[in-house]
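Chemist:
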Amino acid sequence: MQRLSGSALSSELLKSLWLQHLPVATQSCLTVTSGTVEELSKLADKIMEIGQPRSVATVSSDPTAELLKQLIKDVAELKIGRQSRREYDQKRSSRSRSRSTFKPWVPASDGLCFYHTNFKHKAKKCVEPCKQYAAFIAKSEN
């Protein structure tokens, strides 16, 4: 600062400007001390060496990064669960018995169709060869 200003600034003004750029703790120590700027700068260096805090700075973890990691993990677990469910369903369906074909027109031993066997006179359908077929057709035509 002294070289840059040359002789344009007084030593007191230069000292005041220089002190303003120092940490507050160092300023308070040097304000009560008299001396030239060179002497004060050496004293400021010693104060800074002694007064440096010996602490480790910690970095806080970004909560969104942690949340993103958890979401990725959850999605991966869901995919695995879905895949295993699909494989289970495929194995289960391949082992199941084939479905029997529903044949309501096969007459029962009493000569009635599926509908008349199960629903009696309330049957809304009828198929041949059923004893009731002719009566059902006549009834539905009316």
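Be aware that the sequence shown starts at 10, since it is given in my numbering, and climbs by one per residue.
For glycine and all other residues, C-beta sits at the position ideal for the given N, C-alpha and C.
#1: Does PRO72 come out as helix, strand or coil in the three-state DSSP assignment?
#2: Which two residues bound the contiguous alpha helix (DSSP H) that contains LEU23?
#3: Output the distance between the C-alpha atoms of ILE81 and SER93, rounded to the nearest integer angstrom.
#4: Within its chain, find whatever has a CB closer than 6 Å to the CB of TYR56; leave out the 5 residues flanking it on each side and keep chain order.
#5: Work out the CA separation of SER102 and LYS131 for me, nearest whole Å.
#6: Would you identify the three-state DSSP class for LYS51, choosing helix, strand or coil?
#7: Could you tell me the boundaries of the alpha helix (DSSP H) in which CYS38 lies?
#8: Roughly how many angstroms lie between the CA atoms of GLU96 and LEU77, to the nearest whole one?
#9: With distances taken between CB atoms, is the gap from SER20 to VAL46 smaller than 8 Å?
#10: Whose C-beta lies closer than 7 Å to the C-beta of GLN141 among residues of the same chain, with five residues either side of it excluded?
#11: Near LEU52, what residues of its chain come up, given a Cβ to Cβ distance below 7 Å and the 5 sequence neighbours on each side ignored?
#12: With DSSP run on the structure shown, which of helix, strand or coil describes GLN141?
#13: Report buried or exposed for LEU49, applying the criterion of at least 16 other Cβ atoms within 10 angstroms of its Cβ.
Modeler: Once the coordinates are examined:
#1: helix
#2: 20-29
#3: Near 19 Å, if we compare the C-alpha coordinates of SER93 and ILE81.
#4: The question names Tyr, but residue 56 is Ile in the sequence shown. Only THR35 and CYS38 meet the Cβ criterion.
#5: 37 Å
#6: In this structure, LYS51 counts as helix in the three-state DSSP scheme.
#7: 33-40
#8: 29 Å
#9: yes
#10: LEU121, HIS125 and CYS135
#11: Within the same chain, LEU39 and THR42 come within 7 Å of LEU52 by CB-CB distance, once the 5 residues on both sides are set aside.
#12: coil
#13: Counting other Cβ atoms within 10 Å of its Cβ, LEU49 reaches 16 or more and is therefore classed as buried.
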